[in-house]
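One structure is given here, and the rest of the page talks about it.
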Amino acid sequence: MPRTTCTASLDGDALGSGNHKTMAPQIVAGSASRPLAELVAAEGGGELAPSSLERFPDGELCPNVGDLRGEDVYVIQSTGPPVSENLTELLLLLDACRRTGARRITAVVPYFGYARQDRRSHAGEAIGARVATEAIAAAGADRLVVIDPHTPNLEAMCPIPVEMLTAVPAIAHALGFLAAPAQVIVAPDLGAIKLAERFAALLGLPIAIVRKVRTSGAVVRAEKLVGEVARRNTFIVDDMISTGATIEATAGLLLENHAEPHPVVATVHGLFVGQAMERLDRLQPAALLTTDTVVHAPGSALHLCSVARLLADAIDRLHREVSLDELGPFA
327 MPRTTCTASL
337 DGDALGSGNH
347 KTMAPQIVAG
357 SASRPLAELV
367 AAEGGGELAP
377 SSLERFPDGE
387 LCPNVGDLRG
397 EDVYVIQSTG
407 PPVSENLTEL
417 LLLLDACRRT
427 GARRITAVVP
437 YFGYARQDRR
447 SHAGEAIGAR
457 VATEAIAAAG
467 ADRLVVIDPH
477 TPNLEAMCPI
487 PVEMLTAVPA
497 IAHALGFLAA
507 PAQVIVAPDL
517 GAIKLAERFA
527 ALLGLPIAIV
537 RKVRTSGAVV
547 RAEKLVGEVA
557 RRNTFIVDDM
567 ISTGATIEAT
577 AGLLLENHAE
587 PHPVVATVHG
597 LFVGQAMERL
607 DRLQPAALLT
617 TDTVVHAPGS
627 ALHLCSVARL
637 LADAIDRLHR
647 EVSLDELGPF
657 A
């Protein structure tokens, strides 16, 4: 079957042309994280290895990598929307690296899709997080690196070692440059409490907690607020924003409790699917902060906090067999 639509290779020699081995980590960029991988390399995290992605007319993926025999390889690929397609590409890239003879392969997945599926809510459901981690290990990864996964249980269910990094310090640092400083950190649901506590510890601020009820994938009802927000600027934090429904419901409840309008909203993983940006724009936030764990459209009104330096430092330390503790605790 003929192939169509080929992406351009990364900088470097033609695929398979080099026989020399390097001392630097080799970075293989997946198509979902190519801009981030280039930034990581620019930050000194390693050398970009040649790679390309081809597609069959029916959408079947065919990634290719260069000669990585004997190399320490880091495949950078977020599994954001389209989640299943990007996960499949990651698995194929890992397998390609293994088959070309890489000495060690680390899957760097800044945003880990399927992490929300860490337990069953009803009979007959799958545990998607476990299936995804086992597939990554089976495809050839020796280690997994993630940033602020939706569940810390990811490490317990993964058959290979997991390194969990956090972008919280970078986002907290960026908050200091905003015109209206936050006075209260708000967790928009019970699952965001630990994240809010980490921000509160860094910024020396109290927290407020919202209890929500999700009635569907895109409809959320905020029912109760614990904490004092009246006449205060609020900083709503969550590990990920998908449809924006949780943030919208939270902002409404804050106004009902006499918080100042125009909250600052921050998330590590800004998926912003569907009408999310329209929802958030209606809130008129003082600022919307996120990271580049997933690619964002050029010109969007976002304050971007890059995780490239964090990943570059992590890759350098892993390559040199040095502890990651100094990069800051995840929990």
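Quick note on this note's numbering: the sequence shown kicks off at 327 and runs consecutively.
The beta carbon of each residue, even a glycine, is placed where N, CA and C say it ideally should be.
Going straight from the alpha carbon of A534 to that of E554, what length do you get? Locating residue 534 in the sequence shown gives position 208, counting from the first residue. Locating residue 554 in the sequence shown gives position 228, counting from the first residue. Taking the straight line from one Cα to the other gives about 7 Å.
Paired residues, beta bridge with I511 - DSSP: Translated into the one-based positions of the sequence shown, residue 511 becomes position 185. In the DSSP output, where bridge partners are listed per residue, I511 has I533 and F561.
Could you say if the segment 465-477 and the segment 487-494 meet the contact criterion of at least three C-beta pairs nearer than 8 Å? yes
Closest to T569 by CA distance: which of A498, V599, E373 and A613 is it? Against the sequence shown, residue 569 aligns to sequence position 243. Among A498, V599, E373 and A613, the Cα nearest to that of T569 is on V599.
If you drop the 5 nearest sequence neighbours on each side, which residues of the same chain put their C-beta closer than 7 Å to that of L597? Reading the sequence shown from its first residue, position 271 is the one you call residue 597. Once the five neighbours on either side are set aside, the close Cβ partners of L597 are G406, P407, M566, I567, S568 and V620.
Going by DSSP, what residues sit across from S378 in a beta bridge? Residue mapping note: residue 378 aligns to position 52 of the sequence shown, counting from 1. DSSP output for S378 lists N390 as bridge partner(s).
Inspect the beta-carbon positions of T576 and V539 and report whether they are closer than 7 Å. Translated into the one-based positions of the sequence shown, residue 576 becomes position 250. Translated into the one-based positions of the sequence shown, residue 539 becomes position 213. No, Cβ-Cβ distance for T576 and V539 is not below 7 Å.
So, is S404 buried or exposed, given that buried needs 16 or more other C-beta atoms within 10 angstroms? Taking the sequence shown and counting its residues from 1, the one referred to as residue 404 is at position 78. By the 10 Å Cβ count, S404 comes out buried.
Could you check what DSSP says for T331 in three-state terms: helix, strand or coil? As a first step, residue 331 is located in the sequence shown; it is residue number 5 there, counting from the start. Note that T331 scores a pLDDT of 34, beneath 50, so its modelled location is shaky; the value from the coordinates is reported in the next line. If DSSP states are grouped into helix, strand and coil, T331 belongs with the strands.
Bridge-paired residues (DSSP) for G616: For the purposes of this step, residue 616 is taken as the residue at position 290 of the sequence shown. The question names Gly, but residue 616 is Thr in the sequence shown. L630, per the DSSP bridge assignment.
Going by C-alpha to C-alpha distance, which of L644, V648, S632 and G654 sits closest to L369? Here residue 369 is taken as the residue at index 43 of the sequence shown, counted from 1. Sequence check: residue 369 is Glu here, not Leu. For the residues L644, V648, S632 and G654, the minimum Cα distance to E369 belongs to S632.
Taking the CB atoms as reference points, tell me whether V488 and F525 lie closer together than 7 Å. Your numbering for residue 488 matches position 162 in the sequence shown. Your numbering for residue 525 matches position 199 in the sequence shown. The answer is no: Cβ separation not under 7 Å.
Neighbourhood of L419 by C-beta, 8 Å cutoff - its chain only, sequence neighbours within 5 removed: One-based indexing of the sequence shown puts residue 419 at position 93. V354, G356, S377, P389, V391, V401 and Q403, listed in sequence order.
Using beta-carbon positions only, say whether G450 and Q443 come within less than 7 Å of one another. Position 124 of the sequence shown, counting from 1, holds the residue named residue 450. Position 117 of the sequence shown, counting from 1, holds the residue named residue 443. In this structure, Q443 does not lie closer than 7 Å to G450 by Cβ.
If I measure Cβ to Cβ from D339 and keep anything under 8 Å in the same chain, skipping five residues before and after, which residues do I get? Within the sequence shown, numbered from 1, the residue matching residue 339 stands at position 13. For D339, the predicted structure reports a pLDDT of 41, less than 50, and the residue's modelled location is therefore unreliable. A value from the coordinates is still provided. Closer than 8 Å at Cβ, skipping near neighbours: P376 and G392.
Can P361 and I641 be called in contact, C-beta distance under 7 Å? As a first step, residue 361 is located in the sequence shown; it is residue number 35 there, counting from the start. As a first step, residue 641 is located in the sequence shown; it is residue number 315 there, counting from the start. No, Cβ-Cβ distance for P361 and I641 is not below 7 Å.
List the whole-angstrom C-beta distance separating L529 from L501, where the pair is believed to meet the contact cut-off of C-beta under 8 Å. As a working note, residue 529 is residue 203 in the sequence shown. As a working note, residue 501 is residue 175 in the sequence shown. At roughly 7 Å, the Cβ-Cβ gap stays under 8 Å, so L529 and L501 are in contact.
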